[in-house]
Structure formats: structure tokens, C-alpha cells
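Working notes, structure below.
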Amino acid sequence: MALLEVKDLRTSFRTEDGIVKAVDGVTFSVEKGQTLGIVGESGSGKSVTCLTIMGLNSRKSAISSGEALWKGKDLLTAKPSELRGIRGDEMSMIFQDPMTSLNPVHTIGKQLVEAVQLHRDVTTRVAKARALELLKAVGIPKAEGRIDDYPHQFSGGMRQRVMIAMALINDPDLLIADEPTTALDVTTQAQILNLMKRLQEEFGSAIIMITHDLGVVAEVADDVVVMYAAEVVEHAKVSDLFNRPQHPYTWGLMGSLPRLEVDTDRLVQIPGQPPSLLRPPNGCRFHPRCPYVMNVCRTENPPLAASERDATHLQACHLDQETKDREGSKLVEATLAGAG
Amino acid sequence: MATAQEERQEMEVRGDELLVVDGVKKYFPITRGIIFQKAIAQVQAVDGVSFTLRKGETLGIVGESGCGKSTLARCIVRLLDSTEGRIMFEGRDITKLSRVAMRPIRREMTMIFQDPYASLNPRKRVGFIIGEPLEVHKLGTPAEVKTRVQELLEVVGLNPEHYNRFPHEFSGGQRQRIGVARALAVNPKLIVCDEPVSALDVSVQAQILNLLKDLQDDFGLTYVFIAHDLNVVRHISDRVMVMYLGQVSEVASRDQLYKEPKHPYTGALLSAVPIPNPELGRQRESIVLEGDVPSPVNPPSACRFHPRCPRFVEGHCDVEEPPLYPFGEGHVAKCHYPLERWPMTAAEMRRREATTREEPVQA
Chain L
2 MALLEVKDLR TSFRTEDGIV KAVDGVTFSV EKGQTLGIVG ESGSGKSVTC LTIMGLNSRK
62 SAISSGEALW KGKDLLTAKP SELRGIRGDE MSMIFQDPMT SLNPVHTIGK QLVEAVQLHR
122 DVTTRVAKAR ALELLKAVGI PKAEGRIDDY PHQFSGGMRQ RVMIAMALIN DPDLLIADEP
182 TTALDVTTQA QILNLMKRLQ EEFGSAIIMI THDLGVVAEV ADDVVVMYAA EVVEHAKVSD
242 LFNRPQHPYT WGLMGSLPRL EVDTDRLVQI PGQPPSLLRP PNGCRFHPRC PYVMNVCRTE
302 NPPLAASERD ATHLQACHLD QETKDREGSK LVEATLAGAG
Chain C
1205 MATAQEERQE MEVRGDELLV VDGVKKYFPI TRGIIFQKAI AQVQAVDGVS FTLRKGETLG
1265 IVGESGCGKS TLARCIVRLL DSTEGRIMFE GRDITKLSRV AMRPIRREMT MIFQDPYASL
1325 NPRKRVGFII GEPLEVHKLG TPAEVKTRVQ ELLEVVGLNP EHYNRFPHEF SGGQRQRIGV
1385 ARALAVNPKL IVCDEPVSAL DVSVQAQILN LLKDLQDDFG LTYVFIAHDL NVVRHISDRV
1445 MVMYLGQVSE VASRDQLYKE PKHPYTGALL SAVPIPNPEL GRQRESIVLE GDVPSPVNPP
1505 SACRFHPRCP RFVEGHCDVE EPPLYPFGEG HVAKCHYPLE RWPMTAAEMR RREATTREEP
1565 VQA
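If you're matching them up, the sequences are chains L and C in order.
In the working numbering, each residue's number is its place in the first sequence (first place is 1) plus 1.
In the working numbering, each residue's number is its place in the second sequence (first place is 1) plus 1204.
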């Protein structure tokens, strides 16, 4: 049994302008010890997917349907008290912004101890020892001296380490990281990514890594889900996705990246803007921006299905297999040409 | 500094430099007291930066947050007054000019800001925002301004009919286009772009980068392009300057900097960039720097990079400040023990080989 199985998850928000379908039929599963990358631009629904799984959406405005089976138990219908037992214990989350995710009026030691004592019946002394152990594990220098410091006394990278320590303190089976390195500099990002890889080997947790950076995904993920306008457009193993991309949106994303290893005079740009989720386009949601658009794309939304070549490579596009293979390999060749 | 002076002489012969920045420093005082304020320390945000910029060239400036790249940008366009040093624009020292004397020069150099949400006045219509620089410089009648604004909207790829809309009606990428149009309005020679694409999604980022390149070709613009993303800087720049803690670490042509970096900091930065290719990316071992950027209030002695440097030599790097050693073709790096080749693994970087490096040129 998969650790987490998400089936046809849908989340809508009631707003003044109408109903926004932020997540519209997302299906994936995460196995033990696996890293799943979710890529997409802002507003594609990747964060909302994870907030829904964690039960962190506002109960007033969000409407969810579908299933999110955690070890066989549906999280969407679970009672708040049951969710509280799972959250932070078996399943935890690292948020994007380390500046605002810690409480500024408590020391980090106190916040870490609280995370332990919510789920374990242990004395403060034991909890504090555990907190110290984790702070050392995430590489905070002189952890003994810093455990009683306040968040503002730490730099951005160090605060993100504290967040990771807090997320890992109860040995979770699944760690959801929502853009954990977006707010950080490249050198700090490299430190944090290395740290997460090392801790995964050590603790054996599964990770869902949400990011907009294809480079980060290529370095850490086993499987990748590409989201566009609230839907999954492609889902494949990381090497398949980068070597045989099947969806025009994925091609666009890859082509629009300026790269260190390749000379490009002009970037491939995806024309236009991502659509409004209040009134998503009919048919395939990518069709107004797609250079390969056909008549069928305007009326019928392609289902997420296995590609003809490979049953594990899921994609949602009407193009025939030959065109996809040709265009996909053209792009991969172009980006590999200068790599040498 | 010897090399800077030499470079300057070289420039004077050529005579096509648009901007010469010479030993610019910007210190911000930290004060104590309310009525009797007394400076107790200084943040050395920019500490002795020199470079020249030729017409039509793009200089990329990279560095981590807090390295002083934005402060430098603001000093160049004189939104901040530099503490020391000279900034020469078209051969004229602009650091000491009065507001009135500065005004005609402000037509020649404009700026594009990082945050497309905060840099446009939400209460003004797009037509006013783009037309305001024209009014300030009294360029044309209201009717002429309107025609010009509509022309500009078209140039940056927006619909001229959107003249009467408010900024909130546009998406992030479109707003950044408005920022670009505003910077272009007075036909400047130099545009200082301060992280113009870092707030945008990749597909939109590509649109803006392509637009900036097209505009450069069409109008012969010169850019100072500041970013923390090395991929973006490589894509747009002719020359790249790497900054660390307010100082220049390395300057080189784009190809040299990315193919043969000399400064260990540049090497570490390059190796830390994630590569969107699973095979290449996982083979490569990134050189992970320990610790954080030190505080610019009390920077480390001599070479400012020495506490984090994998090639640190005690008794040399922390005692003697390295000058900008030349490596030919305008490539300079501020390091006593430059990298012999590239790429290198972290272990190779620590093991120094006997180098045959040119001695710094004496003044």
C-alpha cells in the first residue's frame, strides 16, 4: 500500500467573484522513502493540493472532494482531532518563507519542545534533548548556545534549518516541503538541499517537494508531477520527464529556462498569461497558449493517460505520439547540444 | 588600485565608455541616541567598487543577498549619494552635481525595479505612470505625450488601448512591461535593471528577458543588469561582475567567467546552481560553502571571503588583502590562490597546485 494516495482531489474556494477551482482532479501517490516533485507556476494549484492534504485550508471558504488516503485512511473526512494527531507527527510540512513561519515571540527551543510534547508524553528535559539533537542534525553551529535564541537572531538559511528540524522532530513518514529554498540564495539553497537528501537517507521519510524550479526537481526528485491551471498535465519518472517530455507545456517550461550549460540566443517563450481559474478555458486549459493547438483541443479536455510508449509516463495531450516524440527529442537535443 | 587605474587608461584611449565607476563606497551609519545621534558603527554596503561600461554593453552583477548590488545600483543613478569615489557618466563626474544640474542627466539613465507590484503607483493610470517622466522633463504637449505613451505600450508588447487602466488590472509580467515602458519613455542611454525578473514565473521571465534583448538591439541601450540568478545573468550579459560583501570578487567576459572562473567564490556559486538535467545534475558534486555571509558592519579582515573559502591559507589570506589580479582580456579576480581549472570538485579545490600566476601590475 502506498503511504499517501491522492485520488481525484478537487478544491474550490468561494470568493466574491465566484468559485475558484484551485485544484481540479489531481491524482498521485507517494511510496515510502520516495521523493515526489510537484512543479508548476504560481497559481497552478501545487500549494493548495498539499494544504488540502494536510487539512490546512480555511473551513469557511474551501470545498474539497475526492480522496487523500493516508495509510488507507481518508484525510478529507477525518475529524479535526484525528488530523491534529497526524499533522506534525506522521506527516509534517516545511513552509516557503522561513521569515514568517516561526513565532517571533518564543525562543526556537520552546517552539521545538512544543512540537514534541504535542505528540509525545515526555518531560520537557527529554523534549529539549531531542530538540538539541535535531538542531545538531540540521547543522546549526553551536546548537547548545543557540537553542534559547529567538528567530530574529538567525539568518534566513538558519531559520529554514530550524523549520526543517521542527518538521523532522517526530520522525515523520512524509515531509511536505512547499518551496523550501525559494527565498534563499543559491549557496544556501545547495546547503539545504544537501541536508534534506542526507536526512532522507538517515530517517527514510518520503518527501513531496513543491517548487517552480525545474533545476531543483532534477536534482532531488524520483517522480515528477507537472501542474498547469489546477490540473496535472504530466506525471513521470524524473529521467523520463527530462529525456522524453511529452506535454507542450513541459516543453515550454524547459525551453524558457536560461541555462548555465547551454548557449541560447533567444529563450523559447510561452505566449500569454496563465488563465484565470474563475473562468478556465474550455477544452484543454493550455490550448490558448499552445503552439500545437488543434481543433479538438478547443472543445475536449484531454484526460491524463499513459503515453503509448511507456505505461508509467502519464500525460494529458491530444497530440499524436509521433509528434510528441519528435518535438520532445528536438527540445532535449537543443538543450543538450552545448552540455558536452 | 593598480589594475583599475590601468583599465581606466585603456578606456580613455578607446573613448567609448558610457559609465566609469571608480572606487565607489557607500557606508550607512548605525546611530545611537534620539536627539544627539552619534554614529557607533557603519554598514559597509559597498566598499570600493570600480568598473567601466562601454556603450551597447550589458554588465551583469551577481551576488548573494546583502552583497551590496542593489545599493551600488542606487548609487549609480544617484538615488543614493555615495560616501566616496567617482561616478563618471559620458566623461562627466556626476557624484557632486546638484539636483538641478543632475536633472538633464536623469533623462539619460533610468531604472527598472525588482518588484512590479510595489514600483507602480496603484492610484495612477498606466498612461500617467509611463507619461510622467516625459512631463517631468517637459518633453512634448499632452497630446504628444499620449501618442508617445501608446507607442511605448506597443513597443513593450501591451495593448495601447490599456492606456486608461490601473496597475492592479495587470498580471505580474505585464506590470513589469509597464516598468520597462516607463524606463524607456525618455530615450535613455543607460538602464539600470535591479533584479527585473526575480519576482516572475519562468515562462513570463523568458518573455521579459527576450523583450529586454530586443529593445537593446533596437535602441542601442546599455544595461547594468543585477540579479542573483546566475543562469539569467549568463543569458543576458556581455560581461559579468561577481560581488561579495560590498567588494568585487571577479570580473570577466561572460564566457570566461562561466568556463574558467578564477575566484573560489565564483566557483562555489556556479557549482550550487541546480541544473535542469537529472543525469548531469546528480553527477556533479556541488561545492557547499559553510556558514552564512558575514555582517557588513564588521567584515572579516583582508580577503573578506576567507572564513568560508575552501582554499584559505592561514597567515596570508587573513592578513594580506588580495588585489584584483589580472588573467588577461579584462578578466580580474581578487584571490591569492585562484582556481587552476574548472570544473573542480570540493576536494580538488582545497588542494592547491603550484600556480604560475602573473604578478599584479604595480602602479
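C-beta atoms are modelled at their ideal positions from N, C-alpha and C, and glycine is treated no differently.
Only a predicted model underlies this, so the values are computations on that prediction, with no experimental measurement involved.
At a C-beta separation below 7 Å, residue 1268(C) has these neighbours in chain L: 186 and 188.
Interface criterion not met: the Cβ of residue 139(L) is under 8 Å from no Cβ in chain C. Neighbourhood of residue 1462(C) in chain L, by CB distance below 8 Å: 261, in chain order. Inter-residue distance for residue 327(L) and residue 246(L) is about 10 Å (C-alpha atoms, whole angstroms).
Secondary structure note for residue 23(L): its beta strand (DSSP E) is the uninterrupted segment 19 to 31. For residue 214(L), the chain C residues whose Cβ falls inside 9 Å of its Cβ are 1406, 1478 and 1480, in order along the chain. Three or more beta-carbon pairs separated by less than 8 Å link the segment 1407 to 1424 of chain C to the segment 1436 to 1447 of chain C, which places the two stretches in contact.
In the three-state reduction of the DSSP assignment, residue 1397(C) falls in the strand class. Residue 44(L) counts as buried, since no fewer than 16 other beta carbons sit within 10 angstroms of its beta carbon. The residue among 1356(C), 1451(C), 1316(C) and 1366(C) with its C-alpha nearest the C-alpha of residue 1252(C) is 1451(C). Look at the beta carbons and you see the segment 1444 to 1461 of chain C not touching the segment 1543 to 1553 of chain C: under three pairs across the two are nearer than 8 Å. Within the same chain, Cβ atoms closer than 6 Å to the Cβ of residue 290(L) are found at 271, 272 and 273, the five residues on either side in sequence being excluded.
Residue 1529(C) sits buried, since 16 or more C-beta atoms from the chains shown fall within 10 Å of its C-beta.
By the neighbour-count criterion, in which a residue is buried when 16 or more other Cβ atoms sit within 10 angstroms of its Cβ, residue 25(L) is buried.
If you draw a straight line from the Cα of residue 1392(C) to the Cα of residue 1282(C), it comes to about 15 Å. Along the segment 1424 to 1456 of chain C, the positions whose C-beta sits under 7 Å from a C-beta of chain L are 1432, 1434, 1435, 1436, 1438 and 1439, read in chain order. Residue 205(L) sits in coil when the DSSP states are folded into three classes, being neither helix nor strand. For the 8 Å CB-CB criterion, residue 1486(C) and residue 42(L) do not form a contact. When the beta-carbon positions are compared, residue 105(L) and residue 164(L) stay at least 8 Å from each other. Every alpha helix (DSSP H) stretch that sits fully inside the segment 111 to 174 of chain L and reaches 4 residues is listed by chain position as 125 to 138, 144 to 147 and 157 to 169.
Non-local beta-carbon contacts of residue 1241(C) in its own chain, meaning distances under 7 Å to residues more than five positions away in sequence, involve 1235 in chain order. Proximity of chain C to residue 253(L) at the Cβ level (cut-off 7 Å) is accounted for by 1407, in chain order. Nearest C-alpha to residue 279(L) among 2(L), 14(L), 9(L) and 5(L): 14(L). Look at the segment 1398 to 1464 of chain C and you find these whole runs of beta strand (DSSP E), each 3 residues long or longer: 1426 to 1430, 1443 to 1448 and 1451 to 1457.
When C-beta atoms of the segment 74 to 82 of chain L are compared with those of the segment 256 to 266 of chain L, fewer than three pairs fall below 8 Å, so the two segments do not count as touching. Listed along chain L are 261, each with a C-beta nearer than 8 Å to that of residue 1474(C). Taking 8 Å as the cut-off, the beta carbon of residue 169(L) is found closer than this to the beta carbon of residue 200(L). In this structure, residue 1294(C) and residue 1222(C) form a Cβ contact; the two beta carbons are roughly 6 Å apart against a cut-off of 8 Å.
Along the segment 216 to 241 of chain L, going in chain order, the ones with a CB nearer than 7 Å to a CB of chain C are 216, 217, 219, 220, 239 and 240. One alpha carbon belongs to residue 122(L), the other to residue 173(L), and they sit about 17 Å apart.
Going by beta carbons, residue 1254(C) and residue 1237(C) fall outside the 8 Å limit. Classified as buried, residue 256(L) has 16 or more neighbouring CB atoms from the shown chains inside 10 Å of its CB. The Cβ of residue 1354(C) sits no closer than 8 Å to any Cβ of chain L. Within chain L, the residues 267, 268 and 270 have their CB atoms less than 7 Å from the CB of residue 1414(C), given in chain order. Using a Cβ distance threshold of 8 Å, residue 95(L) and residue 181(L) count as a contacting pair.
The alpha-carbon of residue 1232(C) is positioned some 23 Å away from that of residue 1323(C).
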